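Participant:
Residue numbers (this note's numbering): 1078 to 1207.
1) Please state whether DSSP places residue 1191 in a helix, a strand or coil.
2) What's the C-alpha gap between residue 1195 and residue 1177?
3) Can you tell me whether residue 1137 is buried or exposed, with buried defined as 16 or more other CB within 10 angstroms of its CB?
4) Please say whether residue 1142 and residue 1092 have beta carbons closer to each other than 8 Å?
5) Buried or exposed, going by whether 16 or more other CB atoms sit within 10 Å of the CB of residue 1202?
6) Use the C-beta contact count for residue 1083: other C-beta atoms within 10 angstroms, 16 or more gives buried, fewer gives exposed.
7) For residue 1201, list the residues DSSP reports as bridge partners.
8) For residue 1100, name the three-state secondary structure that DSSP assigns.
9) If you draw a straight line from the alpha carbon of residue 1211 to that of residue 1164, how long is it in whole angstroms?
10) To the nearest angstrom, how far is it from the Cα of residue 1100 to the Cα of residue 1146?
11) Could you give the first and the last residue of the continuous alpha helix (DSSP H) run that contains residue 1162?
12) Assuming contact is defined by CB atoms lying nearer than 8 Å, are residue 1107 and residue 1126 in contact in what I supplied?
13) Beta-carbon separation of residue 1199 and residue 1139 under 8 Å?
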């Protein structure tokens, strides 16, 4: 079985339009930014976590659902990051990624514990297992 979160993170981290906003602050398999993160001090941050999935076609394809949170200093910047990720992920392919589709579009929210604005959305990502 492939390490699908790593495949997805490597693909996103290789896209300059996203890393121009996040630098190296792209974290997989977490629901919140790393301890010590602050959008005021650090800038935008992307976190995503696998929600589950299934295997198709004699174990050659795996479809998984992912939750994405796009954190930033304000709602406008969080939505800018959301759109940048959408532009490189939705309806695109990459190394190990057969396809990716926006499952549920973004909703701008404020984290109740930290007060940080973020955009929450979900993607279906199909990975090649061979």
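A virtual CB, placed ideally from N, CA and C, is assigned to each residue, including glycine.
Nothing here was measured: the structure is a model prediction, and the numbers come from that model.
Facilitator: So, from the data block:
1) Residue state, collapsed to three classes: coil.
2) 21 Å
3) Counting Cβ neighbours within 10 Å, residue 1137 comes out exposed, since fewer than 16 surround it.
4) no
5) buried
6) exposed
7) For residue 1201, which the question treats as bridged, DSSP gives the partners 1142 and 1178.
8) coil
9) Not covered by the structure: residue 1211. The range shown for the chain is 1078 to 1207.
10) Computed Cα separation, rounded: 16 Å.
11) 1152–1166
12) yes
13) no
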